[in-house]
Structures are given as C-alpha cells and as structure tokens.
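Enquirer: Can you read through this structure? Questions will come right after.
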Amino acid sequence: MSAGINTYKTDLREIFFTLFEQFGFGQVSGQAPYEAWGSDEAKAVLTETYRFAREVLGPLNATGDREGCRVENGAVYTPTGFKDAWKKLYEQGFKTVAVDPEHGGQGAPMMLQVTVEELLSGANTAFNMYPGLAFGAAEVIAECGTPAQQKMYVERMLNGTWGGTMCLTEPHAGSDVGAAKSTARRNADGTYNIRGTKIFISGGDHDMAENIIHLVLARIDGASPGTKGLSLFIVPKLRINADGSPGKPNDVGVGSIEHKMGINGSATCVLNFGENDACVGELVGTVEHVGMSQMFKMMNGARIAVGIQGLGLASAAYYNALDYAKDRKQGSHFTKWKDPTAPRAAIIEHPDVRRMLLDMKAHVEGIRSLIIKLAMHLDKAKQLAGKDDDAATYHRGQVELLTPLVKAFGSDQSFRICAQAIQVYGGAGYIQDYPVEQYTRDSKIFSIYEGTNHIQAMDLVGRKMGQAGGMHFQQFMGDVGSFIEANREHPVYGEAVKTLAAAQEALMASAMTVFGWSQDGSKFPLIPLSANRFLQMMSEVAVGWLLLDAAVIAEKAKGSLSGEHPDRAFYEGKKYSALFFARNVLPGVEQAAKMLASEDTSPMDISDGAFASV
1 MSAGINTYKT DLREIFFTLF EQFGFGQVSG QAPYEAWGSD EAKAVLTETY RFAREVLGPL
61 NATGDREGCR VENGAVYTPT GFKDAWKKLY EQGFKTVAVD PEHGGQGAPM MLQVTVEELL
121 SGANTAFNMY PGLAFGAAEV IAECGTPAQQ KMYVERMLNG TWGGTMCLTE PHAGSDVGAA
181 KSTARRNADG TYNIRGTKIF ISGGDHDMAE NIIHLVLARI DGASPGTKGL SLFIVPKLRI
241 NADGSPGKPN DVGVGSIEHK MGINGSATCV LNFGENDACV GELVGTVEHV GMSQMFKMMN
301 GARIAVGIQG LGLASAAYYN ALDYAKDRKQ GSHFTKWKDP TAPRAAIIEH PDVRRMLLDM
361 KAHVEGIRSL IIKLAMHLDK AKQLAGKDDD AATYHRGQVE LLTPLVKAFG SDQSFRICAQ
421 AIQVYGGAGY IQDYPVEQYT RDSKIFSIYE GTNHIQAMDL VGRKMGQAGG MHFQQFMGDV
481 GSFIEANREH PVYGEAVKTL AAAQEALMAS AMTVFGWSQD GSKFPLIPLS ANRFLQMMSE
541 VAVGWLLLDA AVIAEKAKGS LSGEHPDRAF YEGKKYSALF FARNVLPGVE QAAKMLASED
601 TSPMDISDGA FASV
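Sequential numbering of the sequence shown, starting at 1, is according to full-length UniProt numbering.
Put into structure tokens, the structure is as follows:
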C-alpha cells in the first residue's frame, strides 16, 4: 500500500442519527422478536464493526486489489490476509447480527445489520462479497429447504465453516435466465446428476472455507422451456459425509477466473459442473420446477445488498474527498483571485469544490436513509405478522416497492459519486496513491450484477407498481403526501417542501402516463424506453422526502442545544443536505416528467444502419 493511501472512514454520528433519531430504532428494538436489543447494544456493535473495518478490512482493500486472486491446480487462492480476516470476521459475529438464534445468530433487527454491512462493504467490497453470498444462499435453504437440509447446511454457512454461491448465469444467457441449458438427471436415490457451465460466479471458489455450497439453477430432463422449467439444487464443492464433514470432490471444476475492472479481490469464476458426469446435487426442498421463485428469495436480498455496497463506497469516497479538500492547498481564496501574492487556500474554500462535496453529502445521506427505511419496513413486517396483518402487509409492500430503488439508484449514484470524488482530488485522484480510483472501478459492477439496473426499472414499472392493485405505490405516495401536508408551512423548509410537492405531482402524472401506455399495445415500447427515467424520478422523490424529513428532525433537535454544542454543526449539515437536494435535484423531476410525456420514440425509429456507417 502506498504511503499516501487513506484508510477507510465514515461518520458514525451520521449513522447514529439516521438509525436512532430519524427511524426510531428504539421503536423496534426491545420488543419481540428483538427484545434483547436496545440502542446501547446497537451502538456498541457499530463502534466495534467500525474498528474492525478500519483495522482489519480497510488495510486489505488496496493490497487485495493489486494482488487479486489466482488459480493453482484447479483451486482459487484469495489475496494475502483474506483468509485470516475471514476467520476474525466470524469469530467476532459481524455476519450473524440479525440471524435468527435458531441458526446460531444474535437476532437483531435488520436496521442494525444493514448498517453493519455498510461498514464492512465500504472498507473492503471485494472481501465482503464472499460472506455475503454465503449468507444469501443460507437464507434460501433456511426458508425453502427441508428440515434435514436446514440442519445440515444453514448454520455451517452462516458461521463461516462453509461458503456459498448463487449460480444462474450461463455463457449464452446473461440476464435471460430462462435460456439456461444446465441439466439435472434424476437418480434412483433421489439425488440428481448436474451438468452445465455457469459464468460470472462471485466467490465460485476460494480457500477461506472448508467447503462451498453452490445453489445451481438447472432444468430437469423433460421439464418445460423457459424459467418455469427451472429447479434449484444444492451442489457442494465437496461431497458431505453423514456427520457433516467434507468428503471427496463433487466434480465441480473451476474453468477460469475473470480479470476484471474492479473488485479484483473477489474471485469471479467460470464453474463447470459434471464434466466427468459425477456431479451430484439435491433439490432445494421437495418440489421440482420452482427454482426461480426460490432463487428470487435470494435475489431480492442480494439486490438490497448491492444498494448497501453502493452506499458503502460512495460514503467512503465522500469522506476521503472531504479530508483531502481540507488539506490540499491550491490557488488563492476566490475573493482574492486577482492577488498573486495571496496565500494558497485549501481547496474546500473553492465554490465548485464545495458544490461537489455538498452534492456527494446529500446523496450519501439520502441513500442511507432510503436503505435504513427499507430495513425498518422489514423489521416491522416481521414484528407485526400475526398481530396486525394489515400493517404487516403495508410494510412488506413497501419493501417490495423500494428494493429496485435501493439497488438501481444506490448503484448508479455510487459510481457517479466515486467519479466525482476523483474530480475533487484532481489529478491525484486518478492515481493509485489514493483510494478513490479503486472505489470508482469497484463500484461500476453494482449497476450490472444481481439484475442490471434496467431490469430493476422494468421490475418497478412492470411489477411492483401494479402489485396489490397499485396499493403499495399509492401508500408510498400517501406517505410522501402526509409529510408534505404536515410541513408545507414550515418556517425553514416550507419552500423546499413545496418543491417536493411539485415533484410528487409530476411523478404521479408520469405514473398515470405509464399506466396508459400499458393499456395501449401500440405504445408499449415507450415503457422500456422510459422505465429508467421513471425509476430515477421516483428515487429522487423518495430521497428528497427523506432528506427533508431528516432536516425537520434536526431543526427541532438543534433548538434545544446551546450555541457551543458540537451537535449544532452536525444538525446544520442536515439542513443544507436537504436544501441542496430540494433546490438542485428535485426540480429535475418535473423536467423529466415532461420528457417522459413527450413520448419520444427516436431510439426505436432510427434504423440499424443509421447508427453508424461502419
């Protein structure tokens, strides 16, 4: 690591505000099933996670990027230090904070787990992918597997004894999962022989766990084509003995690892199943041909996790850029630009640098609020199930609706913010002496994997908005509207709230426009043409609302503080995050609505030959 590289950093005070002051962690904790948790316990976990992130994972981020992974004799070896970090991660329980105690976890609310994940991912995205995938695969088995499968796999995968993957993508079928050609042949003992090749498998092989459990989508002989004919199989790297100990190899081979733009410490593998016709798997659960619905239980969690990855890197890029801007001196203060003898000013004094920093700050804080709000809905849905089913249904519906926003907006903005951090550094940011160039490379994949962001946009407009007869979307808009009505005349934020109201009205008008297109076959192509724009509009309305909500809370809290209290400056920061976003981002929602309503079809009207003469 070069001497100039900054360590991972974040602002725990900001995280504590969002978790405790804005979203009321205490209203969820202390009550079943979270009765063992309170604010003090949560703060202790986050403080310790941050220490681990800075001292253990952060120093491995740049070295893991430079060293990458390697294949020797068909086995993948991770960068120096990763194996020891894996052991420490599980010894200290960071990955099991919200896991059900039935599976060896600590049973905390998801609101806490997502903030833990932000710190781990922000410090070392590539490393944290390995345990993250194992966690997701274990969740699928816990929910869909037989009792015997749950007993055999779940706790071992959650405590780091075994790793895990999800194997969907094939060479000829990227996002078109239904075109998968991997096959499964029934055996007399109830197992299946698996054969096929999967690509882009994150953590497909590594040296940190004693076994790796692959969840593989394959088509049983004779099953129907498309996604409806796919089943999901548990395929261990090593066959498992009756006592749970690893047995002989299971004919799962590493074809190669990809050489990538970023996340180089994460082994992205080509996996060959059954080249010797000796790969044995077992069906997840007992029902064939339901693999896609089972896999989506993991995919939804994975999409939220990608949003968290995006937040982690965007936040790290912002705080590093902020520190650099305070320290780097260049040019004179803008009030003395004609004076060649004026002292050099820190670049944070330059107006455009301040604009970039405030833009980054507002987006990071807004995306964090969006993620913790989604987690709050998850916790309340779990808490209210069987007690108040209508309220639980509302919370589950908001999780469904917000998931594509968290994944797509969080990942798109992460790449933009990381690139903007390079701009703050200037030429220094483009070299490897500072971390922001790696953050930018690492963050680009977020908009691509776990379903490209266009898939997220189509999921939003094609499925999520219409769920329950459109009720979930209407409830979201109602929540925004209630905030607007309560704060329209706020003495500090009234004008900004009115800007939010105009953006909300534009969003609703666009939703009706999209609905109209869905009823007119001739205009159907306008939906995929406009889906990304609509998702961004809805995300900006959501983030603008949550930033203003935070600012109103902060304004009230600030009023009770003395003039010298250190929190006064912190709360003032919430004010300017909200005002900047309201004044510079939310007006674009109205303009985007006008563009959407214009029904431009030029991308469809242009002929293939007209794109270029070559």
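Just so it is clear, CB atoms sit at the ideal spot from N, CA and C, and this is done for glycine as well.
1. What residue range is occupied by the uninterrupted beta strand (DSSP E) comprising His214?
2. Quick check for students: name the residue ranges of the alpha helix (DSSP H) that lie wholly in the region 133 to 203, counting only runs of 4 or more.
3. What are the start and end residues of each continuous alpha helix (DSSP H) run of 4 or more residues lying completely inside the region 78 to 127, in chain order?
4. Let me check understanding here. Comparing Cα to Cα, which of Val480, Leu526 and Asn487 lies closest to Glu505?
5. The alpha helix (DSSP H) that contains Arg568, what's its start and end?
6. Sort Asn187, Ala75, Val114 and Ala593 by Cα distance to Ala375 and report the nearest one.
7. Give the single residue among Phe483, Val364 and Gln309 whose Cα lies nearest to the Cα of Lys444.
8. What separation, rounded to the nearest whole angstrom, lies between the Cα atoms of Ser2 and Gly331?
9. What is the C-beta distance between Glu170 and Ala184, in whole angstroms, given that I count them as a contact (C-beta under 8 Å)?
10. DSSP has Ser518 in a bridge; who is on the other side?
11. How would you write the range of the beta strand (DSSP E) that Ala346 sits in, first residue to last?
12. Can you find at least 3 beta carbon pairs, one from the region 355 to 368 and one from the region 544 to 554, that sit closer than 8 Å?
13. Does the distance from the CB of Leu402 to the CB of Leu370 come in under 8 Å?
14. Leaving aside the five residues before and after Phe570 along the sequence, list all residues of the same chain whose C-beta is less than 7 Å from its C-beta, in chain order.
15. Taking only the alpha-carbon atoms, compute the straight-line gap between Tyr434 and Met360 and give it to the nearest angstrom.
16. On a CA-only basis, which of Met110, Ala501 and Ala457 is nearest Gly478? Give me that one, please.
17. When we look at the beta-carbon of His565 and count the other beta-carbons within 10 Å, is it buried (16 or more) or exposed?
18. Please determine whether the Cβ atom of Lys88 lies at a distance below 7 Å from any heavy atom of the ligand GDP.
19. Mark Ser411 as exposed unless 16 or more other C-beta atoms lie within 10 angstroms of its C-beta, in which case mark it buried.
20. Would you list the residues sitting across from Glu258 in a DSSP beta bridge?
21. Indicate whether the contact test is met: 3 or more Cβ pairs, each with one atom in the region 73 to 91 and one in the region 252 to 271, closer than 8 Å.
22. Secondary structure at Leu238, three-state DSSP: helix, strand or coil?
23. Give me whichever residues DSSP pairs with Thr268 in a beta bridge.
24. Rounded to whole angstroms, how far is the Cβ of Cys269 from the Cβ of Asp205, which I believe are closer than 8 Å?
25. Out of Gly226, Ala126, Pro351 and Ala44, point me to the one whose CA is closest to Arg66's CA.
26. Gly64: which of Gly38, Tyr439 and Arg488 sits nearest, CA to CA?
27. Starting from the C-beta of Ile568, find all residues in its chain whose C-beta is less than 7 Å away, skip the five residues before and the five after it, and write them out in chain order.
28. Tell whether a beta-carbon distance below 8 Å holds between Tyr153 and Gly203.
29. Give me, in chain order, the residues of the same chain whose beta-carbon lies closer than 6 Å to that of residue 652; leave out the 5 immediate sequence neighbours on both sides.
30. Could you compute how far the alpha carbon of residue 643 sits from the alpha carbon of Lys523?
31. Suppose you measure from the CA of Ala209 to the CA of Ile240; what does that come to, to the nearest Å?
32. Kindly indicate which three-state DSSP category Ala531 falls into: helix, strand or coil?
33. Look at the alpha carbon of Lys151 and the alpha carbon of Gln27, and state the distance between them as a whole number of angstroms.
34. Give the single residue among Gly469, Ala345, Met166 and Lys198 whose Cα lies nearest to the Cα of His172.
35. Go ahead and label Ile431 buried or exposed: buried means 16 or more other beta carbons lie within 10 angstroms of its beta carbon, across all protein chains shown.
36. Closer than 6 Å by C-beta to Ala592: which residues in its own chain qualify, once you throw out the five before and the five after it? Chain order, please.
Expert: Inspection of the coordinates gives the following:
1. Sequence index remark: in the sequence shown, residue 214 carries index 214 (1-based). For His214, the enclosing beta strand (DSSP E) starts and ends at Asn211 to Ile220.
2. Fully enclosed alpha helix (DSSP H) runs of 4 or longer: 155 to 158.
3. Scanning the region 78 to 127 from its first residue to its last, the whole alpha helix (DSSP H) runs of 4-plus residues come out as 82 to 91 and 110 to 123.
4. Here residue 505 corresponds to residue number 505 of the sequence shown, with the count starting at 1. It is Val480.
5. Walking along the sequence shown from the start, residue 568 turns up at place 568. Unbroken alpha helix (DSSP H) run through Arg568: Asp567 to Asn584.
6. Taking the first residue of the sequence shown as 1, we reach residue 375 at position 375. Nearest option by C-alpha distance: Val114.
7. Here residue 444 refers to the residue found at position 444 of the sequence shown. For the residues Phe483, Val364 and Gln309, the minimum Cα distance to Lys444 belongs to Gln309.
8. If you number the sequence shown from 1, residue 2 lands on position 2. If you number the sequence shown from 1, residue 331 lands on position 331. Bear in mind that the predicted position of Ser2 carries a pLDDT of just 46, short of 50, making it unreliable; the figure below should be weighed with that in mind. Ser2 and Gly331 have their C-alpha atoms spaced approximately 27 Å apart.
9. Mapped onto the sequence shown, residue 170 falls at position 170. Mapped onto the sequence shown, residue 184 falls at position 184. Between Glu170 and Ala184 the beta-carbon gap is near 14 Å, outside 8 Å, which marks them as no contact.
10. The residue labelled residue 518 in the question sits at position 518 within the sequence shown. Ser518 pairs with nothing; no bridge assigned.
11. Translated into the one-based positions of the sequence shown, residue 346 becomes position 346. Per DSSP, Ala346 belongs to the beta strand (DSSP E) from Arg344 to Ala346.
12. A contact exists between the region 355 to 368 and the region 544 to 554.
13. One-based indexing of the sequence shown puts residue 402 at position 402. One-based indexing of the sequence shown puts residue 370 at position 370. Between Leu402 and Leu370, the gap from beta carbon to beta carbon is short of 8 Å.
14. Counting from one through the sequence shown, the residue named residue 570 turns up at place 570. Excluding positions up to five away in sequence, the list reads Arg13.
15. One-based indexing of the sequence shown puts residue 434 at position 434. One-based indexing of the sequence shown puts residue 360 at position 360. Each residue's alpha carbon lies about 18 Å from the other.
16. As a working note, residue 478 is residue 478 in the sequence shown. Considering only alpha carbons, the answer is Ala501.
17. Within the sequence shown, numbered from 1, the residue matching residue 565 stands at position 565. His565 sits exposed, since fewer than 16 C-beta atoms from the chains shown fall within 10 Å of its C-beta.
18. Among the components of this structure there are no ligands whatsoever, and the ligand GDP is therefore not found.
19. Here residue 411 refers to the residue found at position 411 when the sequence shown is read from its first residue. Around the beta carbon of Ser411, 16 or more other beta carbons sit within 10 angstroms, so the residue counts as buried.
20. The residue you call residue 258 lines up with position 258 of the sequence shown. The partner list for Glu258 (beta bridge, DSSP) is empty, contrary to what the question assumes.
21. The region 73 to 91 makes contact with the region 252 to 271, as at least three CB pairs between them are under 8 Å.
22. Counting from 1 along the sequence shown, the entry for residue 238 is found at position 238. Leu238: strand per DSSP, three-state reduction.
23. The count along the sequence shown starts at 1 and reaches residue 268 at position 268. Under DSSP, Thr268 takes part in a beta bridge, and its partners are Ser202.
24. Counting from 1 along the sequence shown, the entry for residue 269 is found at position 269. Counting from 1 along the sequence shown, the entry for residue 205 is found at position 205. Taking C-beta atoms under 8 Å as the contact rule, Cys269 and Asp205 qualify, at a distance of about 6 Å.
25. Working through the sequence shown from its first residue, we reach residue 66 at position 66. Among Gly226, Ala126, Pro351 and Ala44, the Cα nearest to that of Arg66 is on Ala126.
26. Here residue 64 refers to the residue found at position 64 when the sequence shown is read from its first residue. If you compare the alpha carbons of Gly38, Tyr439 and Arg488 with that of Gly64, the shortest gap goes to Tyr439.
27. Walking along the sequence shown from the start, residue 568 turns up at place 568. The sequence given here places Arg at residue 568; Ile does not occur at that position. Taking Arg568 as the centre and dropping the five residues before and after it, the same chain places the C-beta of Lys558 and Leu561 closer than 7 Å to its C-beta, in chain order.
28. Start at 1 with the first residue of the sequence shown, and residue 153 comes out as number 153. Start at 1 with the first residue of the sequence shown, and residue 203 comes out as number 203. Not in contact: Tyr153 and Gly203 (Cβ atoms no closer than 8 Å).
29. A query on residue 652 cannot be resolved here, the shown segment of the chain reaching from 1 to 614 and no further.
30. What the structure shows of the chain is the stretch from 1 to 614, and residue 643 is not part of that stretch, so it cannot be assessed.
31. Reading the sequence shown from its first residue, position 209 is the one you call residue 209. Reading the sequence shown from its first residue, position 240 is the one you call residue 240. Straight-line Cα distance between these residues: approximately 14 Å.
32. Position 531 of the sequence shown, counted from the first residue, corresponds to residue 531. If DSSP states are grouped into helix, strand and coil, Ala531 belongs with the helices.
33. The residue you call residue 151 lines up with position 151 of the sequence shown. The residue you call residue 27 lines up with position 27 of the sequence shown. Rounded to the nearest angstrom, the gap between the Cα atoms of Lys151 and Gln27 is 33 Å.
34. Position 172 of the sequence shown, counting from 1, holds the residue named residue 172. Each of Gly469, Ala345, Met166 and Lys198 was checked against the Cα of His172, and the nearest Cα belongs to Lys198.
35. Taking the sequence shown and counting its residues from 1, the one referred to as residue 431 is at position 431. Using a 10 angstroms sphere on the CB of Ile431, the tally of other CB atoms stays under 16, which defines it as exposed.
36. Along the sequence shown, read from residue 1 onward, the residue named residue 592 stands at position 592. Contacts found: Arg533 and Met537.
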